[in-house]
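Read the structure below first, then the notes.
Protein chains: 2
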Amino acid sequence: MAATQTTKEKVKQTAQKLFRERGYAAVGMRELAKEVGIQAPSLYNHYKSKDDLLREICFDMAKQFFAAFDKAVTTEEKSQRKLKAVIKAHINVIATNLEASEVFFNEWMFLEQPHLGLFKKQRFEYEMKFREIIDKGIKKGDFKKMNSKLIAFAIFSALNATYELYRSNEKLSQEEIAEDISDLLLKGLKS
Amino acid sequence: MAATQTTKEKVKQTAQKLFRERGYAAVGMRELAKEVGIQAPSLYNHYKSKDDLLREICFDMAKQFFAAFDKAVTTEEKSQRKLKAVIKAHINVIATNLEASEVFFNEWMFLEQPHLGLFKKQRFEYEMKFREIIDKGIKKGDFKKMNSKLIAFAIFSALNATYELYRSNEKLSQEEIAEDISDLLLKGLKS
DNA sequence: TTCTTTTGCTAACAAACGTTAGTTTATGGC
DNA sequence: GCCATAAACTAACGTTTGTTAGCAAAAGAA
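The structure is reproduced here in structure tokens:
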């Protein structure tokens, strides 16, 4: 185990770290290469371009979010429990991919077309999966009747910022964060 | 009224728009100048540097958040009403400065020292003012006993992302957004 | 061994970057 | 009308950008 990572893996990991710290546009290929321990042109043996790197980071994360959601959504039937399950799954993906998550949330806008368009589409689809659960919950009477778009948005905002929590406070466990956040939000939704 | 805006004002406004759309690092001075309708070096008649521009945008917003908070905090006594008042004030500042708010929230990291440090300090102070209200509310028994840091964070996340709501859905009024969001959060806090 | 693929290197390109210098034109006060 | 200041211009600076070309060393397969 703990197989020595390939250069390509090291490039990706270092890019995630630097993109997160200083922003995609502010990080140069020379700086990235230096951190990896090679020369800038050697990066192109592993990735076609700077954009190619960002693309892999962002779309790998997207894939993870979808997979975690789909796995979680099947385990529960009741609206509250179902919503709680996907909230926890979402937070779990963030927690286990801290750096990549931040790049995913904050740097996707630098993707070039046509990948930018595809990314936006996927993101929208994912958000709709969340909203469906809330809408159904409202319809079934499990949740209070309220503006679902607005509420779904508020929930999403809180979730998508949890990476800041992990970074700012090491004492909080993932369980604790997921539990408290979903409690707060679910209680607000109570009918 | 509607006084014709000075060139300096136009520069700032255009910078806000471009920085928001494409990110501070991705916007060049030539592009900014072109959008304003002047040549790049002419920008330096109004601002000392690119960083100077970002600084004015960010610190002007900071000033507005503080002023709105201080004005709102005096109007109410009860914890719930007080928290609701500052939430509304915060959302109101965002709503009336949509573009500058997004720059404030997403591009501050590109500030150079020493202003970056000052900015972080102010931001922390502002967040603490919010947390104080929550902590006092918990102590007085107005709010449920819970991890205040985590909860304060969740509230902040939802608030600070409201600009996305305004951008994505024009039908929602500012009143509606402020009312629904604070309702959701306050209900979750209920003891 | 020999051949092929991978992965690194140095040198260099064209373009874009923020900014400065020096000059001209427009504006407002006396 | 005269002078000072503000605000625009053109030209150019040195640096950094992402990337390509061409070549050398290492690794793996036959």
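Protein chains in written order, with the numbering used here: chain A, 77 to 267; chain B, 77 to 267. Virtual Cβ for every residue (Gly too), placed ideally from N, Cα, C.
Item	Value
Is SER125(B) close to chain A, meaning its C-beta is less than 8 Å from at least one C-beta of that chain?	no
So with Cβ pairs under 8 Å, would you call PHE229(B) a contact of chain A?	yes
Measure the Cβ-Cβ separation of SER258(A) and ILE170(A) and say whether it is below 8 Å.	no
Could you run through the stretch 97–122 of chain B and flag, in chain order, every residue whose CB is less than 7 Å away from some CB of chain A?	GLY99, ALA101, ALA102
For MET222(B), decide whether its Cβ has a neighbour in chain A, counting only Cβ atoms nearer than 8 Å.	yes
Taking all protein chains shown into account, decide if TYR100(B) is buried (16 or more other Cβ within 10 angstroms of its Cβ) or exposed.	buried
Grab the span of the alpha helix (DSSP H) containing SER177(A) for me, first residue to last.	174–182
If I follow the unbroken alpha helix (DSSP H) through GLU240(B), where does it start and stop?	238–244
Of all Cβ atoms in chain A, is any one closer than 8 Å to the Cβ of ASP256(B)?	yes
For PHE195(B) and chain A, any beta-carbon pair shorter than 8 Å?	no
Using a cut-off of 7 Å between C-beta atoms, extract the partners of ALA237(A) located in chain B.	SER233
In whole angstroms, what is the alpha-carbon distance linking LYS93(B) and GLU178(B)?	9 Å
Determine the contact status of PHE229(B) and LEU241(A), defining contact as a CB-CB distance below 8 Å.	yes
Taking its Cβ as the centre, do 16 or more other Cβ atoms sit within 10 Å of ASP136(B), making it buried, or is it exposed?	exposed
Please state whether DSSP places LYS205(A) in a helix, a strand or coil.	helix
Using beta carbons (cut-off 8 Å, strictly below), is LYS93(A) in contact with chain B?	no
Kindly give me the distance between the Cβ atoms of LYS263(A) and GLY213(B), rounded to whole angstroms, as I take these residues to be in contact under 8 Å.	Not confirmed; about 15 Å, so no contact.
Can you have a look at ASP146(A) and say buried or exposed, based on whether 16 or more other CB atoms are within 10 angstroms of its CB?	exposed
Does the Cβ of PHE200(B) have 16 or more other Cβ atoms within 10 Å, making it buried, or fewer, making it exposed?	exposed
If you follow the alpha helix (DSSP H) that VAL103(B) is part of, which residue opens it and which one closes it?	It is not in any alpha helix (DSSP H) - VAL103(B) carries neither H nor E in the DSSP assignment.
Does any CB atom of chain B fall closer than 8 Å to the CB of LYS263(A)?	yes
Taking 8 Å as the cut-off, decide whether the C-beta atoms of LEU261(B) and ALA234(B) are in contact.	yes
For ILE253(B), return the contacting residues in chain A, with the cut-off set at a CB-CB distance below 8 Å.	LEU226
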